[in-house]
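For the sequence shown, our numbering assigns the number 490 to the initial residue and increments by one for each residue that follows.
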Amino acid sequence: MLNRILSYTRRCVEDYDMIQEGDRIAVGVSGGKDSLTLLAALAKLADFYPKHFTVEAFTLDMGHVDGGEGMDFAPVAAYCEKLGVPYTLLPSEIHHIIFDLRKEKNPCSMCAKMRRGALHNAIRERGITKIALGHHFDDAIETFFLSLFYEGRISCFQPVTYLDRMGITQIRPLLYCSEWMLRKAAEVEELPVVFNPCPADGYTKRQEVKELIRTLSKDYPDLREKVFSAMQRLPLPAWEPQDHRRRPLAEDQSL
């Protein structure tokens with residue numbers, strides 16, 4: 490399964506010209522299946538990709554809410570050592586600030602903004618200007634529907650995004666891989682997935698959209714593929730792949 494993900498990752502990287510010669514690429518490793526699989530795929534890709542690049546892993550420790558438990562990233566650090574990838578753990582009190590101090594009722598947007606800011610500042614201090622994020626095939630489709638339903642616009646994050654204020658380029662090499670594939674790879678490879686104790690986990694608008702898509706897919710089995718292809722053909726800004734012959738090969742067996 491990891492070899493299949495590696496193949497799709499390389500295809501996505503080439504379709505959107507994500508990696509350049511000499512790149513130092515930071516991988517934001519949250520401890521979840523997506524970011525760990527991304528780290529494994531990029532570490533292997535670096536061994537043979539025609540353009541030489543290096544990979545470094547960064548984990549932002551979100552801290553914990555009052556009375557709650559934090560996350561143990563020691564297994565992630567050990568896995569990075571096994572891969573030969575430099576690893577940095579960044580402490581923070583983001584969960585405490587959002588849930589205990591601010592008592593946010595809809596915390597996800599602020600949490601994401603604080604995470605990005607802390608992570609971007611950390612990699613810039615180390616001279617890194619490119620970061621790989623673990624967004625996958627299903628994430629893209631869910632984000633498309635979220636923008637449509639809750640913002641009234643046709644939009645999604647881009648495969649490659651240049652943040653001019655920070656001088657950082659974000660890449661998303663897993664866009665051709667389904668969530669099912671990543672979950673299966675994490676199981677087969679026994680990746681050190683860390684439980685996320687976030688109080689908002691499972692109670693978000695994204696989870697609602699995920700359930701809706703799952704329900705619709707029972708009557709329209711190729712819904713995800715058609716939406717993704719439409720996003721490439723419209724195209725949404727920066728979504729048109731360089732090679733039109735290449736289409737996502739994500740496999741979904743979650744229904």
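Backbone N, C-alpha and C fix where the C-beta goes; we use that ideal spot for every residue, glycine too.
Buried versus exposed call for residue i [16 or more other C-beta atoms within 10 Å across all chains shown]
{"i": "K602", "result": "exposed"}
{"i": "R615", "result": "exposed"}
{"i": "D745", "result": "Any answer about residue 745 is impossible in this case: the structure gives the chain only from 490 up to 744."}
{"i": "R722", "result": "exposed"}
{"i": "F750", "result": "With the chain represented from 490 up to 744, any question about residue 750 goes unanswered, as that position is not in the structure."}
{"i": "S718", "result": "exposed"}
{"i": "D523", "result": "buried"}
{"i": "A529", "result": "buried"}
{"i": "P710", "result": "exposed"}
{"i": "P780", "result": "What the structure shows of the chain is the stretch from 490 to 744, and residue 780 is not part of that stretch, so it cannot be assessed."}
{"i": "K571", "result": "exposed"}
{"i": "L680", "result": "buried"}
Neighbourhood of residue i by C-beta distance below 6 Å, restricted to the same chain and skipping five residues each side
{"i": "E678", "result": "L491"}
{"i": "V574", "result": "A532, V544 and A546"}
{"i": "A566", "result": "Y576"}
{"i": "L712", "result": "L705 and S706"}
{"i": "H609", "result": "M655 and I657"}
Straight-line gap, residue i to residue j (C-alpha atoms, nearest Å)
{"i": "A674", "j": "A611", "result": "29 Å"}
{"i": "S581", "j": "M599", "result": "14 Å"}
{"i": "Y576", "j": "D708", "result": "44 Å"}
{"i": "G606", "j": "L525", "result": "21 Å"}
{"i": "Y497", "j": "R654", "result": "31 Å"}
{"i": "E476", "j": "I630", "result": "Absent from the model: residue 476. The displayed extent of the chain is 490 to 744, so no value can be given."}
{"i": "E697", "j": "F626", "result": "17 Å"}
{"i": "I660", "j": "V683", "result": "23 Å"}
{"i": "Y568", "j": "E668", "result": "21 Å"}
{"i": "P539", "j": "Y639", "result": "42 Å"}
{"i": "P648", "j": "A727", "result": "7 Å"}
{"i": "F646", "j": "E676", "result": "28 Å"}
{"i": "L671", "j": "T632", "result": "18 Å"}
{"i": "A621", "j": "T658", "result": "9 Å"}
{"i": "D441", "j": "G641", "result": "An answer regarding residue 441 cannot be provided, because it is not within the stretch 490 to 744 covered by the chain."}
{"i": "G458", "j": "T618", "result": "Residue numbering for the chain in the displayed model covers 490 to 744; residue 458 lies beyond these limits and cannot be assessed."}
{"i": "D628", "j": "R493", "result": "19 Å"}
{"i": "Q731", "j": "V516", "result": "24 Å"}
Same chain only: Cβ atoms within 8 Å of residue i, ignoring 5 sequence neighbours per side
{"i": "F542", "result": "I508, Q509, E510, G511, D512, R513, I514 and A535"}
{"i": "D550", "result": "G559, M560, F562, L578, L579, P580 and S581"}
{"i": "Y583", "result": "For the sequence presented, residue 583 should be read as Ile rather than Tyr. Cβ within range, chain order: L549, M551, G552, C600, M603, R604 and A607."}
{"i": "G521", "result": "G623, V682, V683 and N685"}
Beta-carbon proximity list for residue i, same chain, < 7 Å, skipping 5 on both sides
{"i": "L637", "result": "I643"}
{"i": "L635", "result": "K694, R695 and V698"}
{"i": "V518", "result": "S524, L525, L528, A546, F547, T548 and V565"}
{"i": "E729", "result": "Q721"}
{"i": "L495", "result": "A530, K533 and L534"}
Residue(s) in a DSSP beta bridge with residue i
{"i": "Q659", "result": "I620 and T650"}
{"i": "L579", "result": "L549"}
{"i": "G450", "result": "This structure gives no information on residue 450, because the portion of the chain shown stretches from 490 to 744."}
{"i": "D512", "result": "F542"}
Residue i CB to nearest heavy atom of the ligand SAH below 7 Å
{"i": "F684", "result": "This structure lacks the ligand SAH, and indeed carries no ligand of any kind."}
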